[in-house]
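If you use our numbering, the sequence shown corresponds to residues 131 to 507, in order.
Data first, discussion second: the structure below is written as structure tokens.
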Amino acid sequence: MIPSQKHLFDIPSEVSYLNTAYMSPLMNSVVIAIDEGARLKAQPWKLKISHFFDDVDKVRALFAKIVNVSAESIAIIPSASYGLTTAAINLPLAEGQTIVALKYQFPSHTYPWKKKARESEAIFKEVDVEDGFAATQSVLEAIDERTAIAALPNVLWTNGVLVDLVKIRQRCDEVGAALVLDLTQSVGAMVTDFSKIRPDFAVVANYKWMLGPYTTGFLYAAEPYLNGRPLEQGWITRKGGRNFARLTENSEEFEAGAVRYDMGERANFALMPGVICAIEQILSWGVDSIQTTLGLHNRDLCERLDGIGLKTTPHYLRGPHFIGAKVPDGTRDDFLDVLAERGLFLSQRNQDLRITPHLWNDQTDFDRLISTLSEIL
Ligand SMILES: Cc1ncc(COP(=O)(O)O)c(C=O)c1O
131 MIPSQKHLFD IPSEVSYLNT AYMSPLMNSV VIAIDEGARL KAQPWKLKIS HFFDDVDKVR
191 ALFAKIVNVS AESIAIIPSA SYGLTTAAIN LPLAEGQTIV ALKYQFPSHT YPWKKKARES
251 EAIFKEVDVE DGFAATQSVL EAIDERTAIA ALPNVLWTNG VLVDLVKIRQ RCDEVGAALV
311 LDLTQSVGAM VTDFSKIRPD FAVVANYKWM LGPYTTGFLY AAEPYLNGRP LEQGWITRKG
371 GRNFARLTEN SEEFEAGAVR YDMGERANFA LMPGVICAIE QILSWGVDSI QTTLGLHNRD
431 LCERLDGIGL KTTPHYLRGP HFIGAKVPDG TRDDFLDVLA ERGLFLSQRN QDLRITPHLW
491 NDQTDFDRLI STLSEIL
């Protein structure tokens with residue numbers, strides 16, 4: 131169990147922020163790192179060519195540790211949509227084949243697939259797991275010989291319903307389907323081992339459970355896709371890119387690995403130091419300890435929430451870090467505003483109330499959650 135880490139964040143005592151699934155707060159150390167990075171651009175004579183490469187390489191290696199792969203397979207991207215669109219343009223799909231997804235999964239992970247399905251006269255098939263029951267089983271049943279791509283999360287962003295990705299991978303192997311994952315709502319808070327899940331592509335936007343700045347993220351590409359088609363025709367991803375005086379002499383050949391999928395201007399001098407700082411802190415806590423700590427707090431919270439009449443998703447059907455509860459019928463429309471006025475910050479997606487605490491929370495926050503909800507709902 132990790133004790134509350136509130137002292138590392140800038141969160142006033144009157145605020146109970148239980149909304150990581152929406153946007154995590156930055157740690158004070160991350161803000162300092164970003165501030166120092168931004169100041170480099172204020173005095174560009176201090177910028178060295180190494181600033182375009184060193185932090186980016188470090189970030190790749192740090193993220194690779196989180197998901198247990200080699201740094202070579204990681205690209206730096208600005209958003210989940212960017213990475214998922216990259217995956218979509220690199221996977222084959224024939225007429226009549228299916229792409230299997232969850233109903234209500236995040237739109238960044240549906241639009242590229244809907245478009246691809248339309249263009250190939252294929253079928254975008256959504257599995258309804260709204261009530262959270264047997265999500266894995268329902269997805270397994272939806273994957274068959276016609277399936278070319280399973281496009282899935284590890285937990286559903288509306289209510290934390292869990293999908294067992296190792297089982298899904300096995301089924302994909304049986305039918306020869308590719309597995310593309312949006313892990314924005316799990317990586318950083320749930321142990322995620324790509325050597326076991328073996329995705330073809332996977333993306334993570336950094337601003338939630340990775341505790342990083344907005345507009346940063348990662349794309350993992352498995353070995354067979356390291357010669358694929360990037361979204362952009364960038365210059366810094368090419369061989370010879372380090373010699374700025376001779377860029378026009380470079381061939382079109384890319385650097386080895388997933389670098390080819392890096393976004394343009396990936397060497398964001400302000401944000402990259404913040405990304406490094408956040409991942410180093412996550413690694414020093416350990417993702418397994420984060421998962422255990424959040425999981426135990428949430429088990430306790432769910433019991434108390436059920437006790438005041440909320441129906442939470444059973445713990446064995448959800449990610450340990452993520453609580454979803456049905457908003458009771460008759461709840462006033464502006465209840466989130468009323469909660470916010472009382473210093474309690476949650477979110478609602480569809481009919482689900484998302485309660486997603488993190489290490490900055492403490493017992494005072496949990497007690498405030500229960501007492502305020504029992505009063506308002
Ligand atoms: C599951 C999931 N993926 C991705 C995102 C963000 O997508 P993007 O980085 O494309 O803005 C969110 C934001 O809520 C999300 O919940």
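We put the beta carbon where it would ideally sit given N, CA and C, even for glycine.
Fair warning: this is a prediction, and the values are worked out from it, not measured in the lab.
query: Looking only at C-alpha atoms, which of D464, V333 and V186 sits nearest to P283?
result: V333
query: Hey, how far is the Cα of G425 from the Cα of A397?
result: 35 Å
- prompt: Hey, would you say the C-beta of P283 is under 7 Å away from at least one heavy atom of ligand 1?
  reply: A distance criterion of 7 Å places the beta-carbon of P283 in contact range of ligand 1, judged by its closest non-hydrogen atom.
query: What first and last residue would you give for the alpha helix (DSSP H) that runs through F496?
result: Q493 to I506
field: Paired residues, beta bridge with N149 - DSSP
entry: T486
message: ligand 1 and W287: does the residue's C-beta get closer than 7 Å to at least one heavy atom of that ligand?
response: yes
Status (buried if at least 16 other CB within 10 Å, exposed otherwise) for Y446: Label assigned to Y446: exposed.
- prompt: Among residues of its own chain, excluding the 5 on either side of V160, which ones have a beta-carbon nearer than 6 Å to its beta-carbon?
  reply: G404, C407 and A408
- prompt: Just how far apart, CA to CA, sit A388 and Y350?
  reply: 8 Å
field: Option in T277, N220, R328 and V293 with minimal Cα separation from G306
entry: T277
message: Please list the terminal residues of the continuous alpha helix (DSSP H) segment that includes S114.
response: The first residue shown for the chain is 131 and the last is 507, placing residue 114 beyond what the model contains.
task: Put L282 into one of helix, strand or coil per three-state DSSP.
output: Note: L282 maps to strand in three-state DSSP.
field: I366 versus F384 - alpha carbon distance
entry: 9 Å
- prompt: Terminal residues of the continuous alpha helix (DSSP H) containing G404?
  reply: L401 to W415
- prompt: For A335 versus T322, is the C-beta distance shorter than 8 Å?
  reply: At the C-beta level, A335 and T322 stay beyond 8 Å of one another.
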